[in-house]
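Residue numbers (my numbering): 3 to 134. For reference, the structure discussed in these notes is given below.
Take a look at the structure:
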C-alpha cells in the first residue's frame, strides 16, 4: 500500500509542476509564457527576468515530469524543493505563514513532500524501482 500512496503523491505533485512549468515556458493553461513571466520576475527583482523564467519553467517542467514518473526521484525532489524555496524567499516569505494571507504555507508543504519523497524513494511503482 505504501507504493500506491507514493504513486498518488508523485503523480499529483509531479503533474501539477509540469503544468506550472508549461505555463512559464509555453503560456499553456492560462500562463504568460517566458516573456510575461520574465516581466513579472523582473518586477520582483529577479533579473534577467526571461532567463530566470526559463530556469524556473524548466525546473518545474522537468522536475515535475521526473517526479511523476518516479525517475531520478532525488533529483526531481530537489528541483521541486528549490523552486519552492525560491518562491518562499522571493514572493511569499514576507507575508507570513498562512496561505490565506499569500504566505508560504502551501510552498512549505510542497517543499516537505518533495524532500520527503526524495529521501524515502519513489516506491515500487516507479521507474526508479524498475530500472535500478
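Beta carbons are placed, not taken as given, at the ideal position from N, Cα and C, and that holds for glycine. Just so we're clear, the structure is a prediction, and the values are computed from it rather than from any experiment.
Which stretch, first to last residue, makes up the alpha helix (DSSP H) that contains residue 76? DSSP places residue 76 inside the alpha helix (DSSP H), whose first and last residues are 75 to 89.
Once you ignore the five residues that flank residue 44 on each side, which residues in its own chain have a CB closer than 6 Å to its CB? Excluding its 5 nearest sequence neighbours in each direction, residue 44 has C-beta neighbours in its own chain below 6 Å: 51, listed in chain order.
Own chain partners of residue 113 with C-beta closer than 6 Å, once the 5 adjacent residues on each side are dropped: For residue 113, where only same-chain residues beyond five positions count, the Cβ hits under 6 Å are 83, 86.
Is residue 62 closer than 7 Å to residue 22 when the C-beta atoms are compared? For residue 22 and residue 62, yes; Cβs fall inside 7 Å.
Residue burial classification, residue 26 (beta-carbon count within 10 angstroms, cutoff 16): It counts as buried.
Is residue 54 buried or exposed, if buried means 16 or more other CB atoms sit within 10 Å of its CB? Here residue 54 is buried, its C-beta having at least 16 other C-beta atoms within 10 Å.
Residue 102 classed as buried or exposed, judged by whether at least 16 other C-beta atoms fall within 10 angstroms: Per the 10 Å Cβ criterion, exposed.
If I measure Cβ to Cβ from residue 18 and keep anything under 8 Å in the same chain, skipping five residues before and after, which residues do I get? 66, listed in sequence order.
Between 57, 68, 35, 56, which lies nearest to residue 128 when the distance is taken from Cα to Cα? Among 57, 68, 35, 56, the Cα nearest to that of residue 128 belongs to 68.
Under 7 Å between the Cβ atoms of residue 72 and residue 12? With a cutoff of 7 Å on beta-carbon distance, residue 72 and residue 12 are scored as near each other.
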